[in-house]
Every structure is written in C-alpha cells, then in structure tokens.
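Every position in the sequence shown, counted from 1, becomes a number in the numbering used here once 16 is added. C-beta: ideal position from N, C-alpha, C; glycine also. In what follows, a single structure is set out as structure tokens and then discussed.
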Amino acid sequence: MLNLTDVPAAVDAVLDEFFQATGPILESIYPTVGDGGRALRDFVMTGGKRIRPVFVYAGRLCAGDKITMSETPEVLAETLRVCAAIELIQACALVHDDILDRSDTRRGRPTVHRRFERLHRARDWDHDAEHYGASAAILIGDLALAWADDLFHGVRPVADTAQREPPRPMPFAASAVWSQMRTEVLAGQFLDITNEASGDESAVAAERVMTYKTAAYTVARPLELGATLGGGDAALRSELHGIGIDLGIAFQLRDDLLGVFGDPEQTGKPSGDDLVAGKRTALLSVALQRADDDAAAVLRASIGRELDETELAVARRVLVDSGAVADTERQITERRDAGLARIERLDCDESARADLRALAHRITVRSR
C-alpha cells in the first residue's frame, strides 16, 4: 500500500520498465525510429508533476479499496499501470500542444519538435528542418497515445509477451471512463485552437475549454477512473467528478496566471508564453471585458506575437489594472472552496477525504 506522496516514484518505475521493453523494439526497426522512442522516453521521464496519476490513486482510495491494494499485489500493480498510462496520454497532449503553440521550450528543455528540427539540421538532411521536426513530433505524440492504450489494457510489447502472464481484462466501466477522457481532452484541444483562430473572447468559450481540456482530464476523470477501478458506486463516481471539475478549473485558472506572470525558472516555459501563443484564457477574457477601449486595444495587440520585456510589462499592467488578476484569484478560491465543501460530504474514509483536501491545495497554490 502506498501513500499519495509515493505514487509519482512508483509510476516512474512502471514507465521506466515499459520504456526499457519498448526501446529495443523501435531500435530494431531502424536507428532513426529509435530516436523517436528515446525522445518520448526523455520527455516523459524528465519533469512532470504526475498530478493525474495521483488523482487516479486517490479515487481508488475513496472507493474504499485500501485493503485490496494492500493485500493483493496484482491489484496495486494494475492501479499503477493505469496511472502510468495516463501519463502517456499527457505526453501526447503536451507534445502536440507544443506544436500547436509553436513553443520552443517545455520544462526548461527544447520541445520535441524543436529537438527534431535541430537533429535534422545537425545531420544536414534535405528539405525543411522545421517541417520535419513538427512531423516527427506528431508521430511521437501518436505513439504515446497508442502506448497509453497498451499500458491501460496491460498489453506488453510483442517481444515480451512470451515471458508474462496475460493481464486480467479491464472492467468495462473503467474502459468507458478511459475512452471518455481521451475524447474530452482532444475535444478540449480542438476548442482551444478554434477559440484562438476565431478570436472568441467570451468567458463562456474560455470556461468550455477549461472544462474539457483541463478540468475533466486532469482531475475529474482520473478521480472517477480510480473510483471505478475500486468498485465505487455511481453516486460516489458522480460526486468525485463534480469535485474534479471544481478543482480542475481552479488548477487551470492558476495555470493562466502562471502563463503570464510565472517565473520561467519554475514553470520551465518563457514568461508570457500564453500571450505569445495567443491563448484565449479566462484571465484574458475578463481583462478584455473590464479594460477601457485603449487598454483593451493594447492587450489585443499583444496576443499571438513575440513580445519584448517592455511590451510584456505593459500587457501585464493591463491585466492587473483591469482587475482580471484579482478576479482570477477570487475564482480560484471560490472553485477550490466549492470542491472542498463537496469533499466534506463524500461518503468515504476520512483519510481519503484528507488526501483530497491536501491535493486541492497543492494544485491551486503553486508556482509551477
């Protein structure tokens, strides 16, 4: 049996074992294919907060499955496998998101598409290095999504199957949550790029993106998935989902602030990156609604282009002076408090509620 603080390291061990098994298979196809596998491994194993696996595990504890996981190693292993699988979905989402946002860095390192762009240039290959980098990263993201399904269902690489017992089938209810989660995060990403392209500045549009791209995928569905694996009833799963939406939106609102005001040493991304990427965040929506015409024009002129330090400072001032920053902090507090109130009403073990309370604060009071 693990404490929640032990889950990230346990998930890393599962992922490390998986990459050790899959790496040689890709390398045997061709060395350049092996480059892709190594890039994915580096991306997954370097950094990352492992928030989603922790919520999966917390959801299973809420279902009262502590004794089963303590006494049955197979059940604990299954849980950790699912936790690891969700990190591969996260890898897919982030690798593709960096392409969509034209980001140069992630966690203080070159993004995957920039890594392969540089590799193309270093090897003096033909044609367009930037296009090659983006193409390689798309395929690596696709590979992460495919491998996430393999891990979720306990499917091992072909070369490894003779050495292992087949896994027990994943319960249908858990597979249904898994499927819904994958669909929602991709739908949220599609909503995000559509808002950017259409210039939709409404608060409703921003919240819709937060709900599907972040809240459901980061907190609500992982909690629900863990509870489903633990045999939790429909009422518990529904209540956990509601808690997850509240906490997940608070998490994203904090991300919106960090995307403009965060310390690059902490976030691993350039300061102001959300403005440069043209993201139509809730923070931006509130500022544009509240700022006067001149200030709003300055802010709109800052969206979707490179900003020097002076221009970034001016955009930040508009966000502060308009009251958008204070309003976002208020919304974070309200959403967190709503989630905490629902946690108190949960019909589960007090230790499981305590874990959720701690997680609620951890994901909404942070600097990275």
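In angstroms, rounded to a whole number, what distance separates the CA positions of residue i and residue j?
{"i": "Ala152", "j": "Ala145", "result": "10 Å"}
{"i": "Gly75", "j": "Thr297", "result": "29 Å"}
{"i": "Glu103", "j": "Asp308", "result": "43 Å"}
{"i": "Ala370", "j": "Phe188", "result": "29 Å"}
{"i": "Leu96", "j": "Val30", "result": "7 Å"}
{"i": "Ala329", "j": "Trp163", "result": "42 Å"}
{"i": "Ala138", "j": "Thr199", "result": "37 Å"}
{"i": "Leu300", "j": "Leu335", "result": "7 Å"}
{"i": "Gln196", "j": "Gly284", "result": "30 Å"}
{"i": "Ala368", "j": "Leu356", "result": "13 Å"}
{"i": "Ala312", "j": "Leu304", "result": "5 Å"}
{"i": "Pro154", "j": "Lys295", "result": "Checking the sequence, you will find Ile at residue 154 rather than Pro. Near 21 Å, if we compare the C-alpha coordinates of Lys295 and Ile154."}
{"i": "Gly275", "j": "Pro182", "result": "44 Å"}
Between which two residues does the alpha helix (DSSP H) carrying residue i extend?
{"i": "Asn211", "result": "Phe188 to Ser214"}
{"i": "Ser151", "result": "Ala145 to His169"}
{"i": "Arg139", "result": "Element bounds for Arg139: n/a, residue is neither H nor E."}
{"i": "Met226", "result": "Looking at the DSSP string, Met226 is not in any alpha helix (DSSP H), and its letter there is neither H nor E."}
{"i": "Ala340", "result": "Ala340 to Glu360"}
{"i": "Ser254", "result": "Ala250 to Phe277"}
{"i": "Pro280", "result": "Pro280 to Thr283"}
Please name the residue in the options whose C-alpha comes closest to that of residue i.
{"i": "Ser218", "options": "Glu200, Val302 and Tyr148", "result": "Val302"}
{"i": "Glu240", "options": "Tyr228, Thr227, Glu255 and Lys229", "result": "Glu255"}
{"i": "Thr225", "options": "Leu202, Glu90 and Gly64", "result": "The question names Thr, yet the displayed sequence has Val at residue 225. That would be Leu202, whose Cα lies nearest to the Cα of Val225."}
{"i": "Arg321", "options": "Leu291, Leu304, Gly339 and Leu300", "result": "Leu291"}
{"i": "Arg184", "options": "Lys229, Gly124 and Glu90", "result": "Glu90"}
{"i": "Asp208", "options": "Ile259, Ala109, Ala311 and Glu181", "result": "Ala109"}
{"i": "Ala376", "options": "Leu252, Thr234, Leu304 and Val341", "result": "Thr234"}
{"i": "Ala340", "options": "Cys364, Thr283 and Leu273", "result": "Leu273"}
{"i": "Ala160", "options": "Asp140, Asp279, Gly53 and Gln268", "result": "Gly53"}
{"i": "Ser191", "options": "Leu77, Ala101, Arg123 and Val49", "result": "Ala101"}
{"i": "Ile319", "options": "Ala150, Leu155, Thr344 and Asp289", "result": "Asp289"}
{"i": "Arg15", "options": "Glu133, Leu323, Arg68 and Thr62", "result": "Outside the modelled stretch of the chain, which goes from 17 to 384, sits residue 15, for which no answer is possible."}
{"i": "Asp114", "options": "Arg352, Ala293 and Asp324", "result": "Ala293"}
{"i": "Asp117", "options": "His129, Asp337 and Gly278", "result": "His129"}
{"i": "Arg172", "options": "Glu212, Arg346, Thr38 and Arg66", "result": "Thr38"}
How is residue i classed by DSSP in three states: helix, strand or coil?
{"i": "Thr234", "result": "helix"}
{"i": "Met61", "result": "helix"}
{"i": "Pro185", "result": "coil"}
{"i": "Leu42", "result": "helix"}
{"i": "Glu217", "result": "coil"}
{"i": "Ala307", "result": "coil"}
{"i": "Glu322", "result": "coil"}
{"i": "Arg47", "result": "Here residue 47 turns out to be Pro, not Arg, going by the sequence shown. Of the three classes helix, strand and coil, the one that applies to Pro47 here is helix, per DSSP."}
{"i": "Arg378", "result": "helix"}
For residue i, which beta-bridge partners are listed by DSSP?
{"i": "Pro126", "result": "Thr121"}
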